[in-house]
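Worksheet: the structure to be examined is printed underneath.
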Amino acid sequence: MDNEMTLSFMAVSDNEALARIAITSFLSVLDPTIEELSEIKTVVSEAVTNAIIHGYDENPNGIVTVQASRHGREVTITILDQGIGIENVTQAMEPLYTTKPLLERSGMGFTIMESFTDQLTVQSELGKGTAVTFKKQFQPVQEPLYVR
Amino acid sequence: MDNEMTLSFMAVSDNEALARIAITSFLSVLDPTIEELSEIKTVVSEAVTNAIIHGYDENPNGIVTVQASRHGREVTITILDQGIGIENVTQAMEPLYTTKPLLERSGMGFTIMESFTDQLTVQSELGKGTAVTFKKQFQPVQEPLYVR
Amino acid sequence: IGEIQRFLRDDGMVKVSRSIRELNFKIRHATDDFLKNNERPPTLQELAQQLDVSIDDITMASDALRDPASLHEQIFE
Ligand SMILES: Nc1ncnc2c1ncn2[C@@H]1O[C@H](COP(=O)(O)OP(=O)(O)O)[C@@H](O)[C@H]1O
Ligand SMILES: Nc1ncnc2c1ncn2[C@@H]1O[C@H](COP(=O)(O)OP(=O)(O)O)[C@@H](O)[C@H]1O
Ligand SMILES: [Mg+2]
Ligand SMILES: [Mg+2]
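Written as structure tokens, this is what we have:
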């Protein structure tokens with residue numbers, strides 16, 4: 067493992083920015099493009115929002131943890147909570163499925179996470195919590211030759 | 067407690083930026099000035115550098131932890147390691163005292179930390195590790211000052 | 056160059072590191088201007104407003120102020 071970090075924080079939406087920015091800094095050694103970074107930040111935001119809103123039902127005393135590790139240009143990130151858990155993960159991951167339609171959730175969180183990552187795994191147990199893990203291989207993006 | 071975070075990472079100097087940036091994001095709700103931030107970031111950098119260089123003798127497998135909590139505008143930050151520890155804390159905190167003169171350390175780390183914080187506490191045990199805790203009261207955002 | 060940069064930006068090809076360097080440069084100027092006009096340093100939010108970017112971006116870019124290597128690049132690029 068080339069680098070590893072773990073960040074835990076209270077389940078308040080302000081801390082979504084903290085999670086995004088810690089991941090941004092963690093990835094900066096890979097010199098990502100704006101697009102690559104913005105995709106990863108979107109995935110982290112969706113998973114952290116789920117932990118806060120669904121996992122802890124917005125109880126600020128819940129603790130959300132973001133783990134990240136890097137091996138070469140492969141990055142693995144896990145977002146976990148010790149909240150209510152998910153009864154049926156396959157169903158939860160279906161596009162448009164949401165248990166909070168009144169909060170104007172789109173039900174597209176997992177679909178977005180899947181489309182922006184190379185691999186997405188969701189482990190959950192009712193009453194125990196949820197762990198969402200994704201992997202992403204960062205390409206050695208070359209800037210076009212005519213730029214420099 | 068209004069907010070709390072804990073960040074752990076491998077003892078490599080790249081991660082100093084991670085620590086500073088996470089703390090900046092944690093503090094951003096207080097809307098600090100660039101100057102206040104720069105002081106806090108200096109303190110965090112000095113303590114994290116000490117953990118990496120002195121605590122772990124630059125062994126990247128050491129884990130450095132940064133804890134932060136906020137109560138109103140009072141912020142408490144602890145930087146800790148499970149490294150070699152400090153035999154004589156009073157002596158270590160004296161200006162110009164350093165055990166690594168060959169690495170061109172200035173011996174001014176603790177002095178800088180003290181001058182930029184309201185309160186600094188160092189707890190250490192030989193072979194167990196070191197915890198540096200500081201408190202800082204952030205001023206409310208101010209009107210223009212005419213004294214500089 | 057500006058047009059190529061804009062094209063690249065739309066294309067998602069621009070490196071974060073470059074945009075941070077650019078913003079870092081703007082932060083330095085905006086901070087100086089603010090100090091002159093208000094006789095105190097700007098807050099994070101004031102900088103974000105003035106430069107019309109997010110607090111996240113200010114957080115990342117202002118940290119680059121500390122990095123002598125990036126300063127060197129700004130000055131000599
Ligand atoms: N961390 C979590 N803890 C408990 N339930 C979750 C968690 N994450 C997702 N879920 C469940 O999966 C559903 C789908 O999630 P998602 O695709 O992000 O859509 P949305 O958040 O818009 O509801 C949620 O409505 C919720 O029932
Ligand atoms: N986390 C730590 N673990 C072990 N020793 C430490 C730690 N932090 C500081 N020290 C000791 O205290 C001394 C003084 O620290 P400091 O004032 O930061 O000066 P410098 O880092 O330049 O040596 C160090 O030289 C070292 O011996
Ligand atoms: Mg969601
Ligand atoms: Mg030092």
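Protein chains in written order, with the working numbering: chain W, 67 to 214; chain X, 67 to 214; chain B, 56 to 132.
Idealized CB from N, CA, C, for every residue including glycine.
| Quick one: is Lys107(X) buried, meaning 16 or more other Cβ sit within 10 Å of its Cβ, or exposed? | Position 41 of the second sequence, counted from the first residue, corresponds to residue 107(X). Flag for Lys107(X) reads buried.
| query | What is the DSSP secondary structure of Arg76(B), counted as helix, strand or coil? | reply | Against the third sequence, residue 76(B) aligns to sequence position 21. If DSSP states are grouped into helix, strand and coil, Arg76(B) belongs with the helices.
| query | So is the beta-carbon of Lys91(B) under 7 Å away from any non-hydrogen atom of ligand 2? | reply | By one-based count along the third sequence, residue 91(B) stands at place 36. For ligand 2, not one heavy atom lies less than 7 Å from the Cβ of Lys91(B).
| query | Do you know offhand how far Tyr75(X)'s Cα is from Gln157(W)'s? | reply | As a position in the second sequence, residue 75(X) is number 9, starting the count at 1. As a position in the first sequence, residue 157(W) is number 91, starting the count at 1. As written in the sequence, residue 75(X) is Phe, which differs from the Tyr given in the question. Near 35 Å, if we compare the C-alpha coordinates of Gln157(W) and Phe75(X).
| message | Across the region 71-87 of chain X and the region 180-198 of chain W, are there enough close Cβ pairs to call them in contact, namely three or more that are closer than 8 Å? | response | no
| By DSSP, does Asn125(W) sit in helix, in strand, or in coil? | Counted from its first residue, the first sequence places residue 125(W) at position 59. Reduced to three states, the DSSP call for Asn125(W) is coil.
| field | For review: beta carbons within less than 5 Å of any heavy atom in ligand 4 | value | Asn116(X), Gly175(X)
| Relative to the C-alpha of Leu96(X), which residue among Asn69(X), Glu124(X), Thr196(X) is closest? | The residue you call residue 96(X) lines up with position 30 of the second sequence. When only C-alpha atoms are compared, the closest one is Asn69(X).
| task | Return yes when at least one heavy atom of ligand 1 lies under 7 Å from the C-beta of Ala134(W), else no. | result | Stepping through the first sequence from its first residue, residue 134(W) is reached at position 68. No, Cβ of Ala134(W) sits at least 7 Å from all heavy atoms of ligand 1.
| Would you say the beta carbon of Ala158(X) comes nearer than 7 Å to a heavy atom of ligand 5? | Ligands displayed in this structure: ligand 1, ligand 2, ligand 3 and ligand 4; ligand 5 is not among them.
| query | Can you list the beta strand (DSSP E) stretches of 3 or more residues lying completely in the region 118-183 of chain W, in chain order? | reply | 129-137, 140-147
| said: By the three-class DSSP mapping on this structure, what secondary structure does Met68(B) have? | reply: Walking along the third sequence from the start, residue 68(B) turns up at place 13. Looking at Met68(B) - three-state DSSP - the assignment turns out to be coil, as it is neither helix nor strand.
| task | Have a look at Met159(W), Phe182(W), Asp184(W) and flag the residue whose alpha-carbon is nearest the alpha-carbon of Ser172(W). | result | Numbered from its first residue, the first sequence carries residue 172(W) at position 106. The shortest C-alpha separation from Ser172(W) is found at Met159(W).
| query | Can you find a heavy atom of ligand 2 that lies under 7 Å from the Cβ of Ser172(X)? | reply | Taking the second sequence and counting its residues from 1, one reaches residue 172(X) at position 106. Result yes, Cβ under 7 Å from ligand 2.
| field | Simplified DSSP assignment, three categories, for Phe75(X) | value | Here residue 75(X) refers to the residue found at position 9 when the second sequence is read from its first residue. Strand at Phe75(X).
| message | Let me check you understand the geometry: is the CB of Ile129(W) closer than 7 Å to at least one non-hydrogen atom of ligand 1? | response | Mapped onto the first sequence, residue 129(W) falls at position 63. Answer for Ile129(W): no, Cβ out of range of ligand 1.
| query | Under a Cβ-count criterion, where at least 16 other Cβ atoms within 10 Å of its own Cβ denotes burial, should Thr196(X) be classed as buried or exposed? | reply | Position 130 of the second sequence, counting from 1, holds the residue named residue 196(X). By the 10 Å Cβ count, Thr196(X) comes out buried.
| task | For the region 82-93 of chain W, enumerate the residues whose C-beta is nearer than 7 Å to any C-beta of chain X, in chain order. | result | Ala83, Leu84, Ile87, Ala88, Ser91, Phe92
| field | Span separating the alpha-carbon of Val114(X) from that of Ala88(X) | value | Here residue 114(X) is taken as the residue at index 48 of the second sequence, counted from 1. Here residue 88(X) is taken as the residue at index 22 of the second sequence, counted from 1. The straight-line gap from Cα to Cα measures roughly 13 Å.
| Hey, quick one: how far does the beta strand (DSSP E) through Lys201(X) stretch, first residue to last? | Taking the first residue of the second sequence as 1, we reach residue 201(X) at position 135. Lys201(X) -> beta strand (DSSP E) spans 195-203.
| task | For Lys91(B), count neighbouring Cβ atoms within 10 angstroms of its own Cβ and tell me buried if that reaches 16, exposed if not. | result | Within the third sequence, numbered from 1, the residue matching residue 91(B) stands at position 36. With fewer than 16 other Cβ atoms within 10 Å, it is exposed.
| message | Rounding to the nearest angstrom, what Cα-Cα distance links Ser72(B) and Ile100(W) in this structure? | response | What you label residue 72(B) is simply residue 17 of the third sequence in a count that begins at 1. What you label residue 100(W) is simply residue 34 of the first sequence in a count that begins at 1. For Ser72(B) and Ile100(W), the distance between alpha carbons rounds to 9 Å.
| If we ignore side chains and look at the alpha-carbon of each, how far apart do Thr165(W) and Gly151(W) end up? | One-based indexing of the first sequence puts residue 165(W) at position 99. One-based indexing of the first sequence puts residue 151(W) at position 85. Their Cα atoms are separated by approximately 12 Å.
| message | For Ser190(X), report the span of its beta strand (DSSP E) as first-last. | response | Counting from 1 along the second sequence, the entry for residue 190(X) is found at position 124. Per DSSP, Ser190(X) belongs to the beta strand (DSSP E) from 185-191.
| Using the C-alpha atoms, what's the distance from Glu105(X) back to Val130(W)? | Locating residue 130(W) in the first sequence gives position 64, counting from the first residue. Locating residue 105(X) in the second sequence gives position 39, counting from the first residue. Cα-Cα distance, rounded: 28 Å.
| Spatial neighbours of Glu153(X) in its chain, beta-carbon cut-off 6 Å, leaving aside the 5 residues before and after | Within the second sequence, numbered from 1, the residue matching residue 153(X) stands at position 87. Here the set comprises Leu192.
| said: List, in chain order, every chain X residue whose beta-carbon is nearer than 8 Å to that of Arg118(B). | reply: As a working mapping, residue 118(B) is identified with position 63 in the third sequence. The sequence shown places Asp at residue 118(B), rather than the Arg named in the question. Ala83, Arg86, Ile87, Thr90, Lys107, listed in chain order.
| query | Exposed or buried, what is Leu93(W) when buried is set at 16 or more other beta-carbons lying within 10 Å of its beta-carbon? | reply | Residue numbering aside, residue 93(W) sits at position 27 when the first sequence is read from its first letter. So Leu93(W) counts as buried.
| task | Using 10 angstroms around the beta-carbon of Ser117(B), count the other beta-carbons present and answer buried if the total reaches 16, otherwise exposed. | result | As a position in the third sequence, residue 117(B) is number 62, starting the count at 1. Ser117(B) is buried by the Cβ-count criterion.
| request: Give the interface partners of Glu70(W) over in chain X, defined as CB-CB distance under 8 Å, in chain order. | output: Start at 1 with the first residue of the first sequence, and residue 70(W) comes out as number 4. Residues of chain X passing the Cβ test: Phe75, Met76.
| message | At the 8 Å Cβ level, is Val110(X) part of the contact set with chain W, yes or no? | response | Locating residue 110(X) in the second sequence gives position 44, counting from the first residue. Val110(X) does not count as touching chain W.
| field | Interface positions of the region 93-114 of chain B facing chain W (Cβ-Cβ less than 9 Å), listed along the chain | value | Ser109, Ile110, Asp111, Thr114
| request: Within its chain, find whatever has a CB closer than 6 Å to the CB of Val110(W); leave out the 5 residues flanking it on each side and keep chain order. | output: For the purposes of this step, residue 110(W) is identified with residue 44 of the first sequence, where counting begins at 1. Ala85, Arg86, Ile89, listed in sequence order.
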